[in-house]
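>
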Amino acid sequence: MHSTLFQVAQRRQAVDPHRHGPLPVKGAMADKSPCKKSCPEVGAGSGGALLGGGGHRAHYSANANAGAELELEAKIQRAVEFKAEGHRCYKQKKLREAIGKYHRALLQLKGLEGAAEAGGGTAAAVVERSFLGRAGCWHRLTEGQKALVESTEIECYNSLTACLLQSELVNYERVRDYCLKVLAREKGNFKATYRAGIAFYHLGDFDNALLYLREARNCEPTDTNVLRYIQLTEIKISRCSQRDKEVCV
89 MHSTLFQVAQ
99 RRQAVDPHRH
109 GPLPVKGAMA
119 DKSPCKKSCP
129 EVGAGSGGAL
139 LGGGGHRAHY
149 SANANAGAEL
159 ELEAKIQRAV
169 EFKAEGHRCY
179 KQKKLREAIG
189 KYHRALLQLK
199 GLEGAAEAGG
209 GTAAAVVERS
219 FLGRAGCWHR
229 LTEGQKALVE
239 STEIECYNSL
249 TACLLQSELV
259 NYERVRDYCL
269 KVLAREKGNF
279 KATYRAGIAF
289 YHLGDFDNAL
299 LYLREARNCE
309 PTDTNVLRYI
319 QLTEIKISRC
329 SQRDKEVCV
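Numbering-wise (my numbering), the sequence shown opens with residue 89 and increments by one.
1) Report the three-state DSSP secondary structure of Cys225 (helix, strand or coil).
2) On the three-state DSSP scale, how would you describe Gly292?
3) Taking DSSP as the reference, what is the three-state secondary structure of Asn277?
4) Excluding five sequence neighbours on each side, which residues of the same chain lie with their C-beta closer than 6 Å to the C-beta of Phe170?
5) My understanding is that Cys307 touches Thr281, with C-beta atoms under 8 Å, so please give their C-beta distance in whole angstroms.
6) Below 7 Å between beta carbons: does that hold for Ile164 and Gln233?
7) Taking the alpha-carbon positions, what's the Ile323 to Val258 distance?
8) Secondary structure at Arg262, three-state DSSP: helix, strand or coil?
9) Could you check what DSSP says for Glu169 in three-state terms: helix, strand or coil?
10) Which one of Arg228, Ala235 and Glu241 has the shortest CA to CA distance from Ala167?
11) Pro122 by DSSP, collapsed to three states: which one?
12) Taking only three categories from DSSP, how would you classify Thr249?
13) Tell me whether Gln196 is buried or exposed, calling it buried when 16 or more other Cβ atoms sit within 10 Å of its Cβ.
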């Protein structure tokens, strides 16, 4: 009996907060734990970021790259589709609609440089900028995609000059500029060379006109339009030379 009462008293003394103070809390125990410095919690401070952030970043980067590749391919395909629509409009003699389609195709390809380089603006403003600027996403394209982009751009610019030359009021300066942009990438392009000669002729620059027309004749020696414009240009140069002589006399 006495031994049982003694054991109960001992148990009461062990849990009595007034005699021995409050029981230790988890925080106090954690402070004394030897794992506090050597085993930091995951996600606490920079250590957690190093443990868990790398994998997430790599996963996000892979997804972002895959999405960017799909977007690039989509832009190229939309450009090709707009170009095809422009050709259909051109065949139907809908020149204004055709010009709009070619501009929209070039806008898609301009977008490959990224929003920062593209600078926004209208379709006409896009084709006035530097031809085939290669910033932004260009290095991520495959060789096949690059070839398709360049051929689409060249074809669109050549088609634009064909439309402009059939307009009621021909903007020969724009025709000249578009032709020179094509020739900067594809020297010897017959259409661009011949039309550049026409543009220079109507702008009164007969020396350059003759230069480009003779180059076009080298590509197509029997083309009657080229031969006719060469003849007209030589007549103009001869008359100008005659007037210069008369002024000097």
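Backbone N, C-alpha and C fix where the C-beta goes; we use that ideal spot for every residue, glycine too.
Quick look at the numbers:
1) coil
2) coil
3) coil
4) Lys189, Arg192 and Ala193
5) 7 Å
6) yes
7) 23 Å
8) helix
9) helix
10) Glu241
11) Any reading at Pro122 is ruled out, since the residue's pLDDT is 44, under 50, leaving its predicted position unreliable.
12) helix
13) buried
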